[in-house]
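Worksheet: the structure to be examined is printed underneath.
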């Protein structure tokens, strides 16, 4: 009969809980969307968690807008929807990931912490 190490047992239990939490978080993130509405409700956009449009609905009256106004309204709705999705992602992640890191993940723009870490790692050289 082998003795088990209580510390290892606790570690395995903790790891299993963390993996379950990550799996739930991934499932929750897959369901995140954001919505934006502009042009007095004539333009509706839905985006995924990364801010990529997944649906665009134009009310029939939207086509009466000049092309440049319609294009601007669509872009504003996409921007609103992306902001909505980002807020939902940040809410899901809570204290797990700092807000600036969430922004960096969603936009692909390095956060100040990322830039600082790179400077430290490269000895201050960035080029």
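Numbering (the working numbering), first residue to last: 579 to 705.
The beta carbon of each residue, even a glycine, is placed where N, CA and C say it ideally should be.
Here the structure is a predicted model, which means the values were calculated and not measured.
{"Item": "Would you check if the distance between the CB atom of residue 633 and the CB atom of residue 624 is smaller than 8 Å?", "Value": "yes"}
{"Item": "Note the first and the last residue of the continuous beta strand (DSSP E) segment covering residue 622.", "Value": "621 to 626"}
{"Item": "Does the stretch 605 to 621 come into contact with the stretch 642 to 662, if we say contact requires no fewer than three beta-carbon pairs (one atom in each stretch) closer than 8 Å?", "Value": "yes"}
{"Item": "Can you say whether residue 599 is buried or exposed, counting buried as having 16 or more other CB atoms within 10 angstroms of its CB?", "Value": "exposed"}
{"Item": "Do residue 681 and residue 664 have their CB atoms nearer than 8 Å?", "Value": "yes"}
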